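Note sheet for the following structure.
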Amino acid sequence: MSTRVTELAEIRARARGAGIPLVGESPAFLELLRSVERVARHSAPTVLIRGETGTGKELVARAIHYLGARRDFPFVPVNCGALPDQLAENELFGHRAGAYTGASQEAVGLLRLAHRGSLFLDEVDALPPKTQVALLRFLQDGHFRPLGSQKQEHVDVRILAASNRSLEDEVSAGRFRQDLYFRLNLIALEVPPLRERTGDVRVLSQHFLEECARRYCLPDKFLHEATLGCLGEYSWPGNVRELENLIHRAFLLCDEDELKIAAPRGSAAAVSAPSLSESGLEELSYSAAKSRVLREFDRNYLTVLIQRTAGNVTRAAQLAGKERRAFGKLLKRYGIGYVAGVDDGIAGVDDR
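With my numbering applied, the sequence shown corresponds to residues 8 to 359, in that order.
Shown next as C-alpha cells:
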C-alpha cells in the first residue's frame with residue numbers, strides 16, 4: 008500500500024472516530040481530504056470553506072476541527088442566515104444584564120462558548136453590516152466587548168466560515184466588507200459539487216443505505232445496478248444532501264431489498280442553460296459570466312421550488328435544505344413573490 012493511500016486511510020479512521028464520515032473515492036474528493044488534513048494540522052485563525060449548497064461544508068468544518076489540536080474543545084456551529092439582523096451581534100458576542108430592554112440576565116455569546124475551540128459561521132455572507140464590523144474587529148486581535156459592557160474580553164477561537172455564494176461578488180455589490188473578506192480568506196478550501204466527484208454517487212448511496220439500516224434497525228437494502236447508472240448520470244443540483252434525501256426516502260418507502268428508483272425529474276436541474284452564443288456570455292470575462300450564470304441559476308431554482316410548493320415558503324426552504332429565514336432573504340433578493348412587510352412569506356399564500 009502506497010504512503011499516500013495509507014495517509015488517506017488514517018485520515019478517514021481518525022474522522023470516523025469523531026463521528027465524521029468522509030465518504031468518497033473520486034480524485035476531487037481525495038484532494039479535498041488532503042487539504043483538510045493539512046489545514047487541520049496548522050492552527051490558522053481563519054479558514055474560508057466555499058461550495059454549493061448541499062456539498063458538505065459543515066462536514067469539512069467539523070473534520071478540520073476534530074482532526075486538529077482543538078479537537079478536545081468546543082465546535083460551535085451557527086447559521087448566520089437564521090440570525091435576525093437585530094440580534095446577530097448579540098448572539099455572537101453576548102450581552103450584560105440591562106444592555107437593552109428585556110435583557111434581564113447576562114448572556115454568554117457564541118464566541119465565549121467556543122473558547123479554545125472553533126466557531127463555524129455558515130452562510131457568513133448573511134451577516135448584517137454592523138455585525139461584520141464587530142467580527143472584523145475581533146479577528147484583528149481576539150478581543151471583543153459584549154453588548155452593554157465597558158470591559159473587553161479575550162477568547163482564543165478559530166473561525167471557520169462558509170458560503171455558497173461568491174464573496175467576491177458580494178463585495179463588489181457592497182453587501183460584504185472587503186476587509187472582512189480578506190481576513191476570512193487566509194486559507195480557502197473549495198468543496199467540489201457532486202457532479203464533479205466521478206464515481207462517488209455509488210459509494211455515497213451505499214453509505215446512506217447502511218446508515219438508514221442502522222438508524223431504523225432494518226435489514227440492509229441495495230440499489231439495482233440500472234438505478235446506480237441512472238443516478239450517476241444525474242447532475243445533482245442539490246449535491247450530496249439531495250442524494251441523501253433521495254436514498255433515505257427510497258429506503259423507507261420501498262419494501263423490496265433491491266431498490267429501483269429513477270433520478271429526480273422536473274427539478275430545477277431540468278432548467279437548461281442557454282448556449283454561449285445565445286446568452287452572449289462569450290463577450291464577458293470569466294468572472295462576470297460565472298456571476299451571471301449563478302444568478303440565473305439561483306433565480307430559476309427558487310422559482311421552480313416556489314411553484315412546486317404552491318408558494319409555501321416553509322416547504323420550499325425544507326426542500327432546499329435551508330433555514331426558512333435565509334430562504335426568505337433569497338426570495339427577497341431576487342424579487343420572487345416577495346412583498347415587503349409580509350414576514351418573509353409569499354403574498355397571499357399561507358405557510359401551511
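We put the CB at the ideal spot given by N, CA and C, even for glycine.
Remember, predicted model here, so these are calculated numbers, not experimental data.
Query raised in the report: Grouping DSSP H, G and I as helix and E and B as strand, with all else coil, what is residue 102?
Result: The residue labelled residue 102 in the question sits at position 95 within the sequence shown. Note: residue 102 maps to strand in three-state DSSP.
Query raised in the report: Cα-Cα, which of 76, 65, 92 and 91 is closest to residue 83?
Result: Residue mapping note: residue 83 aligns to position 76 of the sequence shown, counting from 1. Out of 76, 65, 92 and 91, 65 has the C-alpha closest to the C-alpha of residue 83.
Query raised in the report: Can you tell me whether residue 139 is buried or exposed, with buried defined as 16 or more other CB within 10 angstroms of its CB?
Result: On the sequence shown, residue 139 is found 132 positions in, with the first residue counted as 1. Its Cβ being crowded by 16 or more others within 10 Å, residue 139 is buried.
Query raised in the report: Using the C-alpha atoms, what's the distance from residue 236 back to residue 229?
Result: Taking the sequence shown and counting its residues from 1, the one referred to as residue 229 is at position 222. Taking the sequence shown and counting its residues from 1, the one referred to as residue 236 is at position 229. Put simply, the backbone Cα of residue 229 is about 13 Å away from that of residue 236.
**Report entry** Endpoints, beta strand (DSSP E) assigned at residue 165
**Finding:** As a first step, residue 165 must be located in the sequence shown, where it is residue number 158. In the DSSP annotation of this structure, the continuous segment of the beta strand (DSSP E) that includes residue 165 starts and ends at 165-170.
Query raised in the report: With 16 other CB atoms within 10 Å as the buried threshold, where does residue 161 fall?
Result: For the purposes of this step, residue 161 is identified with residue 154 of the sequence shown, where counting begins at 1. So residue 161 ends up on the exposed side.
**Report entry** Backbone CA spacing between residue 114 and residue 129 [nearest angstrom]
**Finding:** For the purposes of this step, residue 114 is identified with residue 107 of the sequence shown, where counting begins at 1. For the purposes of this step, residue 129 is identified with residue 122 of the sequence shown, where counting begins at 1. Between residue 114 and residue 129, the C-alpha separation is close to 22 Å.
Requested in this report: State the start and end residues of the unbroken alpha helix (DSSP H) segment that holds residue 331.
Outcome: The residue labelled residue 331 in the question sits at position 324 within the sequence shown. Unbroken alpha helix (DSSP H) run through residue 331: 331-341.
Query raised in the report: Would you report the Cα separation of residue 224 and residue 252, rounded to the nearest angstrom?
Result: The sequence position of residue 224 within the sequence shown is 217, counting from 1. The sequence position of residue 252 within the sequence shown is 245, counting from 1. Rounded to whole angstroms, residue 224 to residue 252 spans 18 Å at the Cα level.
Query raised in the report: Helix, strand or coil: which one does DSSP assign to residue 162?
Result: Taking the sequence shown and counting its residues from 1, the one referred to as residue 162 is at position 155. Coil at residue 162, not helix or strand.
Requested in this report: Have a look at residue 330 and residue 171 and give me their C-alpha separation to the nearest angstrom.
Outcome: As a position in the sequence shown, residue 330 is number 323, starting the count at 1. As a position in the sequence shown, residue 171 is number 164, starting the count at 1. Residue 330 and residue 171: Cα-Cα distance of roughly 14 Å.
Report task. Count the other C-beta atoms from every protein chain shown that fall within 10 angstroms of the C-beta of residue 1, then say buried if there are 16 or more, exposed otherwise. Result -> In the structure as shown, the chain begins at 8 and stops at 359. Residue 1 is therefore absent and cannot be evaluated.
Report task. Leaving aside the five residues before and after residue 14 along the sequence, list all residues of the same chain whose C-beta is less than 7 Å from its C-beta, in chain order. Result -> Translated into the one-based positions of the sequence shown, residue 14 becomes position 7. Closer than 7 Å at the Cβ level, and outside the excluded window around residue 14, lies no residue.
Query raised in the report: Helix or strand or just coil, what does DSSP make of residue 86?
Result: Numbered from its first residue, the sequence shown carries residue 86 at position 79. The answer is strand: DSSP assigns residue 86 an E or B state.
Requested in this report: Tell me residue 265's beta-bridge partners as DSSP assigns them.
Outcome: Numbered from 1 along the sequence shown, position 258 holds the residue referred to as residue 265. For residue 265, the beta-bridge partners assigned by DSSP are 229.
Query - residue 280 - DSSP class collapsed to helix/strand/coil - result: Looking up residue 280 in the sequence shown gives position 273. For residue 280, the predicted structure reports a pLDDT of 39, less than 50, and the residue's modelled location is therefore unreliable. A value from the coordinates is still provided. Of the three classes helix, strand and coil, the one that applies to residue 280 here is coil, per DSSP.
Requested in this report: Could you pull out every residue in the same chain whose Cβ sits closer than 7 Å to the Cβ of residue 342, ignoring the five residues on either side in sequence?
Outcome: On the sequence shown, residue 342 is found 335 positions in, with the first residue counted as 1. Same-chain partners within the cutoff: there are none.
Query raised in the report: Between 257, 292, 189 and 327, which lies nearest to residue 246 when the distance is taken from Cα to Cα?
Result: Working through the sequence shown from its first residue, we reach residue 246 at position 239. Checking every option, the nearest Cα to that of residue 246 belongs to 327.
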